[in-house]
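Numbering (our numbering), first residue to last: 16 to 456.
To start, the structure itself, in structure tokens.
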């Protein structure tokens with residue numbers, strides 16, 4: 016097993032190792048996976064890397080193609096590759112991406128850990144959709160370049176990889192710190208391009224290729240004397256302290272600042288939600304059949320629609336879901352009251368974009384992979400026969416619910432596979448869910 020835990024190397028093959036749960040959540044199908052292609056690049060020569068086999072191995076799905084004796088930049092750095100050699104590989108990656116761009120086949124989505132470099136300069140870009148499923152499951156913080164303009168995505172990836180190289184042995188360096196401070200001996204033109212890209216918009220892929228090529232002729236690094244090194248170390252320390260203080264103040268204000276105001280807003284929002292659910296009639300679902308009502312219920316849970324949930328249930332059914340949606344609605348109202356974007360991301364949209372790492376304050380919520388089947392009961396038999404005795408029916412719903420939380424610097428997505436057993440009764444207002452028994456796996 017390689018350092019990149021989603022890659023498995025065997026005799027004559029290289030496999031992407033995808034958790035079965037991530038495979039199902041991605042919506043991939045075997046035929047589509049077998050049709051995916053990677054890309055091998057050597058100089059100006061481009062060849063397809065074809066999927067040869069796909070099989071299940073316990074809890075994993077292995078998607079395999081021909082062997083390739085290369086490593087991702089992350090693997091190589093962890094294995095002890097020096098920064099100068101890593102920058103040489105980065106220059107090769109940039110040139111290869113420009114070759115693909117000129118041929119009109121540059122992917123719009125690039126995973127840092129899905130680009131493998133061989134010692135002889137050949138590159139392999141693993142199939143992007145499969146890599147997104149595999150790498151996102153193993154390493155949700157890995158950089159995912161995604162943009163409507165493939166060249167911008169590639170340029171962003173090059174910048175991220177450059178920062179990865181320079182900060183590899185400086186784990187304490189904040190992510191927003193200027194590269195010239197993190198690595199003062201880095202070629203000045205290269206550092207300037209990286210820092211400028213972060214402030215004034217991204218540099219183009221062509222600019223990165225030219226800058227890396229020019230920097231390589233200068234050895235990528237310059238000599239720094241003892242006095243300059245000490246001055247740079249002091250600047251770095253001061254910048255880290257200043258940035259940490261700024262981030263600490265921001266976190267404090269977001270999480271604790273204006274506590275009384277926040278509590279008042281929360282109570283007001285909660286009261287408004289309670290009053291709304293009691294006073295408003297909500298949507299009329301009286302004409303829906305039982306399976307349609309279940310779809311409406313989970314649609315409301317996915318979209319945080321409290322009124323939709325209330326319209327589908329009676330009594331205490333779905334109480335946990337209603338409390339959950341109510342709490343998230345309070346959070347959203349509080350954020351909006353402070354004048355901020357609420358930061359909520361729908362799970363389906365987030366998954367379609369390759370599950371990118373969350374930024375500070377972003378939250379993922381929603382469901383995916385919903386399937387419903389009716390459980391065999393006497394009432395169900397009556398329903399299928401079209402008789403009037405089908406006043407009670409029972410269903411099983413299987414789905415994945417996504418949520419997230421933030422703690423200090425970590426922003427993590429939580430994925431739960433769920434099985435619900437739902438009991439529905441038909442009354443004067445049509446079908447209603449009267450009980451939900453839940454299993455969270």
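Even glycine gets a Cβ: it sits at the ideal position worked out from N, Cα and C.
Fair warning: this is a prediction, and the values are worked out from it, not measured in the lab.
Three-way DSSP call (helix, strand, coil) for residue i in this model
i	result
residue 211	helix
residue 307	helix
residue 361	strand
residue 435	strand
residue 147	helix
residue 299	coil
residue 34	strand
residue 28	strand
residue 445	strand
residue 344	helix
residue 368	coil
residue 485	Beyond the ends of the chain as shown, which are 16 and 456, falls residue 485; an answer cannot be given.
residue 128	helix
residue 200	coil
residue 451	strand
residue 243	helix
residue 337	helix
residue 63	strand
residue 134	coil
residue 331	coil
residue 193	coil
residue 314	helix
Proximity below 7 Å, CB of residue i to CB of residue j
i	j	result
residue 101	residue 180	yes
residue 369	residue 147	yes
residue 31	residue 111	no
residue 388	residue 407	no
residue 218	residue 206	no
residue 119	residue 82	no
residue 231	residue 106	yes
residue 165	residue 143	no
residue 131	residue 79	no
residue 133	residue 95	no
residue 385	residue 312	no
residue 379	residue 362	yes
residue 324	residue 332	no
residue 298	residue 326	yes
residue 415	residue 383	yes
residue 64	residue 139	yes
Limits of the unbroken alpha helix (DSSP H) element including residue i
i	result
residue 232	220–232
residue 116	98–117
residue 45	45–50
residue 93	88–93
residue 166	165–181
residue 326	321–327
Residues near residue i in its chain [Cβ-Cβ closer than 7 Å; skip 5 each side]
i	result
residue 445	300, 301, 302 and 303
residue 309	387, 410, 412 and 437
residue 449	329, 330, 332, 438, 439 and 440
residue 170	217, 218, 219, 220 and 223
Test: residue i CB closer than 7 Å to a CB of chain C
i	result
residue 197	Judged by its chain identifiers, the structure shown contains no chain C, having just a single protein chain.
The beta strand (DSSP E) enclosing residue i, as first and last residue numbers
i	result
residue 71	68–72
residue 389	378–389
residue 80	75–81
residue 140	138–140
Cβ neighbours of residue i in the same chain (closer than 6 Å, five flanking residues each side left out)
i	result
residue 70	77
residue 57	137
residue 454	434
residue 227	106 and 109
residue 233	202
residue 307	none
residue 98	180
residue 418	380 and 429
residue 452	436
Close beta carbons around residue i, own chain, < 8 Å, minus the five adjacent residues each side
i	result
residue 229	204
residue 46	none
Worksheet item: Can we say the stretch 313–320 touches the stretch 436–446, given the rule of at least three CB pairs closer than 8 Å?
Response: Too few Cβ pairs lie closer than 8 Å, so no.
Item to complete: Say whether the stretch 88–101 touches the stretch 48–60, bearing in mind that this needs 3 or more beta-carbon pairs closer than 8 Å, one atom from each stretch.
Response: No, the stretch 88–101 is not in contact with the stretch 48–60.
Worksheet item: Given 8 Å as the limit, is there contact between the stretch 230–242 and the stretch 116–134, that is, 3 or more CB pairs closer than that?
Response: Flag = no, the stretch 230–242 and the stretch 116–134 do not touch.
Worksheet item: Would you call the stretch 166–175 and the stretch 215–234 in contact, with 3 or more CB pairs under 8 Å?
Response: With a cut-off of 8 Å, the stretch 215–234 and the stretch 166–175 count as touching, because enough Cβ pairs lie within range.
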